[in-house]
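Read through the structure below, which is laid out as structure tokens, and then see the notes.
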Amino acid sequence: MLKLGWMSTGRGETSLNLLRVVCKDIEQGKLDARISFVLCNRESGEAAQTDRFLGYVRSQGLSLVSESSSGYRAENPGPDWRVGFDRMLASRIEQFDVDLFFMAGYMLIVSDFLCTRYTMLNLHPALPDGPKGTWRDVMMELARTNAARTGAMVHLVTPDLDRGPTASYFSFSLESEPFASLRKSGDVGALAERIRAHEVRREFPLIITTLRALAAGDIVISERRAYDDGGRVLDGGRDLSMEVERVIAAERTPGT
8 MLKLGWMSTG RGETSLNLLR VVCKDIEQGK LDARISFVLC NRESGEAAQT DRFLGYVRSQ
68 GLSLVSESSS GYRAENPGPD WRVGFDRMLA SRIEQFDVDL FFMAGYMLIV SDFLCTRYTM
128 LNLHPALPDG PKGTWRDVMM ELARTNAART GAMVHLVTPD LDRGPTASYF SFSLESEPFA
188 SLRKSGDVGA LAERIRAHEV RREFPLIITT LRALAAGDIV ISERRAYDDG GRVLDGGRDL
248 SMEVERVIAA ERTPGT
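Under the numbering used here, the first residue of the sequence shown carries the number 8, and numbering increases by one thereafter.
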């Protein structure tokens, strides 16, 4: 059984929906895992959407560690506040038995202390050799440069932001319709939006299929590298494009 530490700021509806999907997958026996605890860098009363997220966590009976990063920073000003905050978090979560952490809308860049102490995975909306930065930056760069392909990846969190070893990814062509027509029109903004819509539709399936692969031992994280079930290094990660499309197809089919 895969033991997960779930990290989220709970800032948006997407963070709540993703946690719901994962909990449902576990409950239905599709994912051999349990969430050992949920870590949130906000406390109750800081934001209405986060309060909804925290309420759902409590309703599921999940262990919750809730600490305000903004409150900590206000009380501990200075350049090293982030390290101090992460050290405090480490002391709060050391009691839990965890195989790895998944950052699901955790809107705080973790310090070197935390990401080198634990195995952490994060989603980035581009391929391993694709653009870095925020999703807006990524989509605009893809549109401006007429990239041939894109996708998203799940990667290990390292001190080098968005550049840790890749565990898994999916990809799709940007040379087919409707991307080709938008590219010819020269409307970079519309192309970026269409790329984002196609990519974001596949983010949840990528996360779910990656967690299933990790639980089944098809992807193994060891010594900050990803390996297949035969012990071979997954250079560039495991391609889960077909699995992602199967999940989407099943969601479109009534009764599945």
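Where is the CB? At the ideal position from N, CA and C, for every residue including glycine.
Presumed contact (8 angstroms Cβ cut-off) between residue i and residue j, rounded CB distance
i      : j      : result
Asp144 : Pro135 : Incorrect: roughly 17 angstroms between the Cβ atoms, too far for contact.
Gly12  : Val105 : 4 angstroms
Leu96  : Thr126 : Not a contact, Cβ separation roughly 15 angstroms.
When the options are compared against residue i, the one with the closest alpha-carbon
i      : options                       : result
Phe179 : Leu163, Leu149, Thr173, Tyr63 : Leu149
Ala204 : Thr157, Asp106, Val164        : Thr157
Phe92  : Gln102, Arg80, Ile100         : Arg80
Leu247 : Tyr176, Lys191, Ser98, Ile226 : Tyr176
Asn48  : Leu189, Pro84, Arg18, Leu130  : Arg18
Gln102 : Gly78, Phe120, Val72, Cys122  : Val72
Thr16  : Ser98, Thr141, Tyr113         : Tyr113
Met14  : Thr216, Ala222, Ile42         : Ile42
Leu121 : Phe60, Ser98, Trp142          : Ser98
Ala220 : Leu189, Val161, Ser188        : Val161
Val29  : Ser183, Ile226, Leu218        : Leu218
Glu206 : Val227, Ile226, His131, Gly85 : His131
Residue i and residue j closer than 8 angstroms at C-beta
i      : j      : result
Met146 : Ile214 : no
Phe44  : Ser70  : yes
Asp235 : Arg245 : yes
Thr173 : Gly238 : no
Leu25  : Ile100 : no
Val251 : Pro212 : yes
Arg89  : Ser118 : yes
Met8   : Ala40  : yes
Arg232 : Val240 : yes
Status (buried if at least 16 other CB within 10 Å, exposed otherwise) for residue i
i      : result
Thr57  : buried
Ile255 : exposed
Asn83  : exposed
Asn129 : buried
Met249 : exposed
Phe87  : With the sequence shown as reference, residue 87 is identified as Asp, and Phe is not the correct amino acid for it. When all chains shown are included, Asp87 counts as exposed.
Ala257 : exposed
Pro166 : exposed
Glu230 : exposed
Glu20  : exposed
Ser76  : buried
Rounded C-alpha distance that separates residue i from residue j
i      : j      : result
Gly52  : Leu115 : 18 angstroms
Ala154 : Leu181 : 7 angstroms
Gln67  : Gly171 : 32 angstroms
Thr263 : Met110 : Unreliable positioning characterises Thr263 in this predicted model, as indicated by a pLDDT of 46, which lies under 50. A coordinate reading is not provided.
Glu74  : Glu50  : 6 angstroms
Leu38  : Arg208 : 20 angstroms
Arg94  : Phe186 : 46 angstroms
Gly140 : Gly36  : 35 angstroms
Val195 : Ala133 : 17 angstroms
Leu189 : Leu198 : 6 angstroms
Ala5   : Arg65  : This structure cannot settle anything about residue 5, because the visible part of the chain is limited to 8 through 263.
Lys191 : Trp142 : 23 angstroms
Arg259 : Leu61  : 30 angstroms
Arg27  : Glu184 : 33 angstroms
Lys31  : Leu168 : 31 angstroms
Lys10  : Ala222 : 9 angstroms
Thr216 : Gly85  : 41 angstroms
Ile226 : Tyr63  : 30 angstroms
Arg124 : Arg59  : 30 angstroms
Ile33  : Gly193 : 45 angstroms
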